[in-house]
Amino acid sequence: MTSQVARAAARSLVFTIVMVGLLYALNRPVGELSGALFVDDILLCAEPSCAQGEPVTLPLRVERSYTTEVNTSRFRLDPSFVGGGLAGVAYFPAAPRALSLVDAGFAPTAPPSSRNTSRGPLLIELTDADAPLVFDISWVAHEGLILHPFHIGPREAVQMSYLLRVGLTYGLALTSIILMLASFAICAAIYSAERSEAAFFWLAMSNGPGLLIGAVYLLPRDLLSPGYDLAVLILAADVYVAFILRFMTRFIGLDTPRLERANILGCGAHALCVLVVPEGYLNLVSAVFAFWAVGWALVILTVFQLNRERTSRRSFFALFGLLVLALALSCHDWMPYFGSLPWGPSFTGQALPTALGVATLWLVVQRLLDTLTRLEALNVRLDQTVAAKSQELEANYRLIAQNQTQAALDAERARIMVELHDGVGGHILNIMAYAEEAERRDPVLETALEDVVREIGIIMDSITSLDMPLDMILGGLRHRYEGLLGRLGVSFDWQVQGPPDLPRIASDQKMDVVRIVQEALNNVAKHARATQVRVSTTRHHLIIEDNGIGLSAPKPDGRASLSSGMGLRNMAQRAEQVGAELDMVDTGQGTRIALTWPDVRG
Amino acid sequence: MDETPDQTRKRVLIVEDKEPTSRRLAKSISVDRGLDIVACVQDVASALEALHLLRPHVVLVDLGLPDGSGLDVISACARASFECHAIVISIFGDEERVLSAIRHGASGYLQKGATPDDIIRGIRSVLQGGAPISPQIARHMLQLLARAPLPNEALSPAGVLTERELEVLQSLSRGYKRQEVADQFGITLGTVGSHVNSIYKKLEVNSNTRAVAKAGELGLL
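In the order they appear, the protein sequences are chains G and H. Numbering-wise (our numbering), the first sequence opens with residue 550 and increments by one. Numbering-wise (our numbering), the second sequence opens with residue 737 and increments by one.
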């Protein structure tokens, strides 16, 4: 764990150093411009009339001493010194804080720019090409002085470079301010819409110090004395880092109250120091707390690295890269204060809020995309749910409709059954009882009544067994005939194994088959004088065969004439309806009626 | 007539509101010396009273009674503290009535139009533990018990048919007699009877769960 932290911290440091190095490499010393005079040798005057002086080579660096003493250095450049007239403009790519021209009477004139020129370029119009160029630079001892080389020449020759530098300093600072304002508005809007998004609250807050950093570059030069100018900048950076720390922990969903407490204590100490420390030592305070802020920035980078799995790969690389860049941009500016390396003339701190503003916008866009993706997924799920529910509903409706139809059928069926049973049945039963009790019993009447009871039973069976397989309907039929045939001395040889294999048989056709069997059994009861009737089924046959006297009027070939009786004609008709072939033969030991279905399935 | 092997005569109660039918049943039964008709009553109230006073072994009961349904008498028999078989009397042996009686705990059914011999044979077979069952009843039981359970249906294990019970029920529904079924499967007549009794019990167990499942299927619960 510790080694993991150490590795992450080292990586943060290395990335930052590499980035600072890159900026340092890009920050080239002031070089020559074609068409303009490159001034890197100048006379540092020894007295106000500047008759004498010490030639110096630029860049000139005067180290700081911690007092509030204001020094003024006068510089003189003669036309003869550079071998020609001083026409056009003097262009200082990186001007010192307070530079003012000196007139022919050796009195300083008003400063040529009201801006805080210590971090930007300066362009001065030259009026007399033959006069020497004399200027004063005021500088505070604790700030030190750096005078970079400059150019003299026609405006056109320096215009591009000047505009570029204006863009990179004041322009970038202005951009930063606009970005910070926009970022504040967006983050505040997100937070106010969704209070659980604490990360955006802190991101909104961070725009405050960001705004301040941008503003320092654009402030009028006399607004803040040189010590406070830097102190405010560094304090803003420190608070900025504190807010970004809070943003980061909430963004990755980390709870680190101790870390935040330590950080806020440091910020408090920093603010207190700025208030109580004499101005001459403010730069020292700023130097110390600049390191403090950089340290915390490295902590943020380290914590972010250690928790990189808490955010998406894309978010991590984008945010981490922009944070490293922001840190390097500020470090690059502060380094010249603490060392004597030959730094180039450009400052980069003004770009820091821009870098973080871009990071903010990136996050906001990412969030928007996330929301859109979620919304889309939600829509897809909604569609799927609706489709599934509709299907379910449809199925349910079908089921209910089916059940309602079935219920209506059942109710009607039940009504008919009750009427048959209680109405007709009751009467028949009373007649039967009466007939049995009568002094002279009438066997014809009793048989007729039994026939009626059986017939009603079969009708009731047919009502309730329409959806039953044929073998079971036949089973019911045997039960109905058992009593009648039993009394006549006819027993069943029952060989029904399964329903015949009839793919296109419908329920009314099943009843046709039943009627054929019934007719055959009636014939057995009435005419056959048999002792046994065999009913058997196979895949393609249904056979009713008795051991009675056979057909009463057989044709010479043993086949019955199917037109010989009403019952037979009906049987033949019904057989045709169910697609079967009816065969009735006298076997010599009785009658055999066979229904045969063609092998439709092959 | 069959000589009864029983030590004591079995008490029989007839619950039937149509007097000729009631007389006919009584006359048929009285031939058997093993059976003793203790009372003929005509409504539910007197049937329940007689049930508790006379403690019959067998109750022949019609379903349509003037003061209520014979099903109540059947339920009372099934709950009785003594052994009491309710046999429902039906003219046509139609399954709707017989099945609802079985669900209320009836041990069997008799057809009103049956011959005296058949009537006695039916009562005897119930007393010997082999409830009568017609193909019509068998096939409806098959429909009720043998189909696959619905997805959200929790059939009690006590209500599921065994494979042999299923085979027996199928043969009965195809019209085979008990003896023929016994021959088919190479088992005794008594074993067929105990299978049938078990099937009766399962129908009784299932009558409630099935209704609940049906309601659930329709989304009514």
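Glycine included, each C-beta is placed from N, C-alpha and C at the ideal position. None of the values given here were measured: they were computed from a predicted structure.
Query - Length-filtered (4 minimum) alpha helix (DSSP H) runs lying within the stretch 764-800 of chain G - result: 775-800
Query - Through-space distance from G:Ile-793 to G:Ala-908, alpha-carbon basis - result: 11 Å
Query raised in the report: Cα separation between G:Asp-677 and G:Pro-670?
Result: When rounded, the distance between both Cα atoms is 22 Å.
Report task. Reducing DSSP to helix, strand and coil, say where G:Arg-923 ends up. Result -> helix
Query raised in the report: What residues in the stretch 948-973 of chain G have a beta carbon less than 8 Å from any beta carbon of chain H?
Result: Leu-948, Ile-949, Asn-952, Ala-963, Met-966, Leu-969, His-970, Asp-971
**Report entry** Same chain, Cβ closer than 6 Å to H:Val-795, five either side skipped, listed in chain order
**Finding:** Leu-749, Cys-813, Ala-822
Report task. Could you confirm whether any beta carbon from chain G is found closer than 9 Å to the beta carbon of H:Leu-846? Result -> No, its Cβ sits nowhere closer than 9 Å to a Cβ of chain G.
Report task. Output the boundary residues of the beta strand (DSSP E) element that contains H:Ala-775. Result -> Where H:Ala-775 is concerned, the enclosing beta strand (DSSP E) starts and stops at 771-777.
Query raised in the report: Where does H:Ile-923 sit, in a helix, a strand or coil, going by DSSP?
Result: coil
Query raised in the report: Apart from the five residues just before and just after G:Thr-724, which ones in its own chain have a Cβ nearer than 7 Å to its Cβ?
Result: Thr-903
Query raised in the report: Name the DSSP bridge partner or partners of G:Gly-584?
Result: Answer by DSSP bridge pairing: none, since G:Gly-584 is not bridged.
Query raised in the report: Counting contacts by CB-CB distance shorter than 9 Å, is G:Thr-1087 in contact with chain H?
Result: no
Requested in this report: Give, in chain order, every residue of the stretch 900-911 of chain H whose Cβ lies closer than 7 Å to some Cβ of chain G.
Outcome: Cβ contacts with chain G come from Ser-909, Arg-910, Gly-911.
Query raised in the report: When the distance is taken between beta carbons, is H:Thr-851 closer than 9 Å to G:Leu-1159?
Result: Absent from the structure is residue 1159 of chain G, since the part of chain G shown begins at 550 and ends at 1151.
Query raised in the report: From G:Gln-940 to G:Ala-957, what does the alpha carbon distance come to, in whole angstroms?
Result: 25 Å
Query - Within chain G, the residues that H:Lys-746 reaches when beta carbons sit closer than 9 Å - result: Neighbours of H:Lys-746 on chain G: none; closest Cβ ~24 Å, over 9 Å.
Requested in this report: Could you please give me the residues that DSSP links to G:Trp-751 through a beta bridge?
Outcome: Partner(s): none; G:Trp-751 has no beta bridge.
Query raised in the report: Using CA coordinates, which residue listed in H:Leu-878, H:Ile-935, H:Asp-808 is at the minimum distance from H:Gln-906?
Result: H:Leu-878
**Report entry** Same chain, Cβ closer than 6 Å to G:Ile-1007, five either side skipped, listed in chain order
**Finding:** Arg-1029
Query - Neighbourhood of G:Asp-787 by C-beta distance below 6 Å, restricted to the same chain and skipping five residues each side - result: Cys-816, His-819, Phe-838, Ala-842
Query raised in the report: Using DSSP with H/G/I as helix, E/B as strand and the rest coil, what is G:Met-1133?
Result: strand
Query raised in the report: Is G:Met-729 closer than 9 Å to G:Leu-760 when the C-beta atoms are compared?
Result: Cβ distance < 9 Å, so G:Leu-760 and G:Met-729 count as in contact.
**Report entry** Close Cβ partners of H:Gln-778 (< 6 Å) along its chain, the five nearest in sequence each way excluded
**Finding:** Asp-753
Query - Beta-bridge pairing of G:Asn-493 - partner residues as DSSP gives them - result: An answer regarding residue 493 of chain G cannot be provided, because it is not within the stretch 550 to 1151 covered by chain G.
Query - Three-state secondary structure (DSSP) of G:Val-929 - result: helix
**Report entry** C-alpha distance - G:Gly-974 paired with H:Ala-783, whole-angstrom precision
**Finding:** 23 Å
**Report entry** Limits of the alpha helix (DSSP H) - the one that G:Tyr-711 falls within
**Finding:** 704-715
**Report entry** Nearest-angstrom Cα separation, counted from G:Asp-1050 out to G:Thr-1087
**Finding:** 8 Å
Requested in this report: Could you list which residues in chain G have their beta carbon closer than 8 Å to that of H:Phe-828, in chain order?
Outcome: Leu-969, His-970, Gly-974, Val-1002, Ile-1005, Gly-1006, Met-1009, listed in chain order.
Query raised in the report: Hey, would you say G:Gly-1128 sits closer than 9 Å to G:Pro-1147, going by beta carbons?
Result: Yes, these two residues count as a Cβ contact at 9 Å.
Query - G:Leu-824 classed as buried or exposed, judged by whether at least 16 other C-beta atoms fall within 10 angstroms - result: exposed
Report task. Report the residues of the stretch 981-992 of chain G with a CB closer than 8 Å to any CB of chain H, ordered along the chain. Result -> Per Cβ criterion, the list reads Met-981, Ala-982, Tyr-983, Glu-985, Glu-986.
Report task. Using a Cβ-Cβ cut-off of 9 Å, state whether G:Asp-1167 counts as contacting chain H. Result -> Absent from the structure is residue 1167 of chain G, since the part of chain G shown begins at 550 and ends at 1151.
Query - Selected residue, minimal CA-CA separation from G:Gln-1046, among G:Arg-990, G:Met-1017, G:Ala-1079, G:Leu-1091 - result: Comparing Cα-Cα distances from G:Gln-1046 to each of G:Arg-990, G:Met-1017, G:Ala-1079, G:Leu-1091, the minimum goes to G:Leu-1091.
Query raised in the report: Going along chain G, which residues have a C-beta under 7 Å from H:Lys-937?
Result: Per Cβ cutoff of 7 Å: no residues; H:Lys-937 is ~22 Å from chain G at best.
Query raised in the report: Leaving out the 5 sequence neighbours to the left and right, which residues in its chain are closer than 7 Å to G:Phe-750 when beta-carbon positions are compared?
Result: Tyr-740
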